[in-house]
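In terms of UniProt numbering, the sequence shown has 260 at position 260, counting the first letter as 1, and numbering is strictly consecutive.
Report on one structure; see the data block that follows.
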Amino acid sequence: MNRTKLLGGAAAMAALLLVGLAGPRVLRGPVLPAARVRRVDLERTLVLNGRVLAPRKVSVGALTTAVVARRLAEEGDRVKAGQVLADLEASEQRASLAQARAKLAQLLESAAPTARAALAQADSALRQARLAWERGQRLAADGILSDSQLDDLRKAHETALAAREAALAQARSAEGGPDLRAAQAAVDLAEVKLRQMRVLAPAAGVVLTRALEQGDLVQPGKVLYTLALDEPLQLLVQPDEKNLGLLALGQRALASTDARPLDRFEAEVVYLAPGVDATRGTVDLKLRVPAPPPHLLPDMTVSVEIRLGRRPGALVVPLAAVRDIAGAPHVLAHRGGRAVRVPVGIGFRGDGTVEITQGLAEGETVLTAPQARDGRRCRASVEP
């Protein structure tokens, strides 16, 4: 019995000795990382991954079956709207037009002399203006003629065409009838068929592919050229539908490519899809890049940071300090030497920080360590 008492006393003394050696550190609890509640100018952003959209492409073909007479555009060429890409063999169409005009002229022989002379003069002027304009288009395609000079030729052709129409109307009033109208319709049709013997660029762009050679027989439906249209580069991202309420047209963004993450460039939200992808729960959002950097290429992967709003003087804590942020957000504040659970209201989320709208005051200390527990004693080590 005495021996048992002696052993028990020794154990008690040893425990007291350990407590004495540990001192107040054991009583005050472990040291845990913490942070101060502070005020900052907070900018709310949304970071998304996406890609660079390729420019729209358009396929160009012939309107009729014919043999290629001249190929005027090559891969890589930059072309303008209406520029001639290829000439098709049009001898038959020219002959048909000449025949139709001859028949019309024959019918007009009986018209009043003054009207006939005016019409003949207008017809001659129109032929000269058309030849000059067609020649100008070829010279412009070769870079010999400027845009303004080509525009002058086009206007001259339009003026001559209007003058001829006026002269024709005068001649019809002098003497006309069904035969004359039919002859004029034949001339108009022949002119349309002649114009169809040219393959034209429907819009400005760059020639991506060419699938014709001089002497080839081409038919409607066959793609002769593929053009990439001249359009501002756009980025496509697909944010989660839960962020729909935060997004709006006109919002600014900063973007960068995975290849050059430090080279950031400006972008602007220009399209927000009206519907949600039910399979993925996302929406399509497009951003325009007003000044694309030279290294930006179609289908590149990009990171986009959309600026959602700015909150000056916001009360913030580190994101690591907020627990159950999606359910019942709260923090463990360091109060009276203990971790104390404090429910908080959540506002903007910044880069690693969260705005606190209620529950905390500026200067308070919150614990950021995941091992902190409500009610336990601890000491706070505030991170700078």
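Note that beta-carbon positions come from the ideal geometry of N, C-alpha and C, so glycine has one too.
In this structure, the straight-line span from the alpha carbon of H334 to that of L319 is close to 16 Å.
In this structure, the CA atom of Q358 is about 10 Å from the CA atom of V342. In the pairwise beta carbon analysis, the region 49-59 is classified as touching the region 222-236: at least three pairs are separated by under 8 Å. Using a Cβ-Cβ distance cut-off of 8 Å, the region 133-153 and the region 96-112 are not in contact, since fewer than three pairs of beta carbons, one from each stretch, lie closer than that value. As the crow flies, the alpha-carbon of G337 is around 8 Å from that of R376. Separation of the CB atoms of D216 and V68 is rounded to 5 Å, and the pair is thereby assigned contact status at 8 Å.
In the pairwise beta carbon analysis, the region 80-87 is classified as touching the region 125-144: at least three pairs are separated by under 8 Å. In summary, D374 is exposed, with fewer than 16 beta-carbon neighbours lying within 10 Å of its beta-carbon over all protein chains present.
Residues of the same chain with a CB within less than 8 Å of the CB of D179, apart from the 5 flanking positions on each side, are L107 in chain order. With respect to the 8 Å criterion, A203 and L224 are not classified as neighbours on the basis of their beta carbons. Comparing alpha-carbon positions, the option among V344, L315, S91 lying closest to A328 turns out to be V344.
Rounded to the nearest whole angstrom, the C-alpha separation of V289 and A163 is 47 Å. Measuring C-alpha to C-alpha distances from L131 to each of A118, R94, E109, A115 identifies R94 as the nearest. Beyond the five residues adjoining it in sequence on each side, D263 comes within less than 8 Å, by CB distance, of S256, T257, P293, H295 in the same chain, given in chain order. A check of alpha carbon separations from P261 across E305, Y271, P55 identifies E305 as the nearest. The three-state secondary structure of R307, taken from DSSP, is strand. Looking at the DSSP output, A314 shares a beta bridge with V40. If the five residues before and after Q196 are omitted, its C-beta is found closer than 7 Å to the C-beta atoms of L63, T64, all from its own chain and listed in chain order.
CA-to-CA, the gap between L367 and R39 works out to about 17 Å. In the three-state DSSP reduction, V344 falls in the coil class, being neither helix nor strand. With respect to L72, A141 sits close: the two C-beta atoms are nearer than 8 Å.
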